[in-house]
Amino acid sequence: MKRPLQAALLVLSGLGLLHVSLFTDLYLRYVKPRMLPLLIASGVLLLLLGLAEAWYHWRPGHGRRRADHADQGHSHGHSGVPKVAWLLFLPALSLLFYAPPALGAYTASRQAPKAVVEQDDFDPLPATSPVPMTLGDFTSRVQQDRKQAVKGRSIQMTGFVTPGKNGGSWYLTRLMLNCCAADAQSVQVQIYKAPALSANTWVTVTGTWHAGGTLGTSSAPVALDAQTVKKVDRPSNGYTDALPPPSAH
9 MKRPLQAALL VLSGLGLLHV SLFTDLYLRY VKPRMLPLLI ASGVLLLLLG LAEAWYHWRP
69 GHGRRRADHA DQGHSHGHSG VPKVAWLLFL PALSLLFYAP PALGAYTASR QAPKAVVEQD
129 DFDPLPATSP VPMTLGDFTS RVQQDRKQAV KGRSIQMTGF VTPGKNGGSW YLTRLMLNCC
189 AADAQSVQVQ IYKAPALSAN TWVTVTGTWH AGGTLGTSSA PVALDAQTVK KVDRPSNGYT
249 DALPPPSAH
């Protein structure tokens with residue numbers, strides 16, 4: 009890859025990062041919000057490096073020196089970047105014109121769920137009905153709360169649809185990032201008694217715990233018998249295990 013093209017790649021990459029970081033919220037598909045300053049700094053650095061490379065190549069007087077050394081270069085053989093390096097233009101252009109979709113059901117169905125953090129004590133559930141909960145809190149209470157506080161209670165949670173492995177159920181899912189999309193982990197609640205919507209559809213589900221095993225132990229299924237399933241918009245930052253939006257209550 010010749011130096012002018014290297015400069016173009018640096019400029020495109022920098023512009024792409026600045027585009028998704030400053031003018032859209034697309035960066036939230038790939039990294040956590042706290043990474044925004046680093047993305048902006050990286051975009052500025054790539055842009056400056058590309059412009060500096062272009063200036064160095066096209067500065068006055070440099071063209072004559074390139075011609076003077078051309079014949080010498082032929083006598084010493086050729087060394088260059090492999091042709092596969094051209095593929096680097098694809099991610100750079102995609103940031104400007106076509107951002108890859110957010111992680112979703114495909115990712116969640118191919119990785120082990122996030123481990124449940126051991127917990128001995130739980131706060132009482134609010135008296136409101138349905139009780140808004142995160143998927144992680146519901147998982148912990150089902151498998152560790154010896155007081156069985158969720159038994160008989162109407163629970164409400166929000167996530168996206170991940171198809172099940174059989175036709176009788178599906179999964180309400182959330183993906184969480186520690187840093188970026190590469191380290192995503194999932195938390196899932198199996199949903200019964202409601203037909204599955206299309207994969208990656210964001211929904212708020214209201215229902216009761218699907219009985220099985222012994223509630224408050226690891227034998228209890230992390231599952232819900234759905235009473236209602238309502239479509240909702242994807243949150244601006246979908247990579248958190250958050251409570252249902254107030255409009256869903």
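Quick note, the sequence shown lines up with residues 9 to 257 if you use the numbering used here.
Every residue gets a Cβ at the ideal spot worked out from N, C-alpha and C, and that includes glycine.
- Between Asp191 and Trp210, the C-beta gap is not smaller than 8 Å, which leaves the two residues out of contact.
- When secondary structure is reduced to three states using DSSP, Asp241 falls in the coil class, being assigned neither helix nor strand.
- Rounded to whole angstroms, the separation of the alpha carbons of Met184 and Arg11 is 40 Å.
- Beta-bridge analysis with DSSP links Ser194 to Pro121, Leu183.
- When only Cα atoms are considered, Arg118 and Ile199 end up about 18 Å apart.
- The Cβ atoms of Cys187 and Val28 lie no closer than 8 Å to each other.
- DSSP lists no beta-bridge partner residue for Trp63.
- Bridge partners of Gln164 according to DSSP: Pro140, Thr214.
- Sorting Glu61, Asn208, Arg182 by C-alpha distance to the C-alpha of Lys122 places Arg182 at the top.
- Listed as beta-bridge partners of Val169 by DSSP are Leu180.
- The beta carbon of Ser206 is closer than 8 Å to those of Val169 in its chain, skipping five residues each way along the sequence.
- Counting along the chain, the unbroken alpha helix (DSSP H) around Leu18 starts and ends at 11–30.
- The DSSP-derived three-state label of Asp233 is strand.
- Residue environment analysis places Pro109 among the exposed positions, since fewer than 16 neighbouring C-beta atoms fall within 10 angstroms of its C-beta.
- Secondary structure of Val39 (DSSP, three-state): strand.
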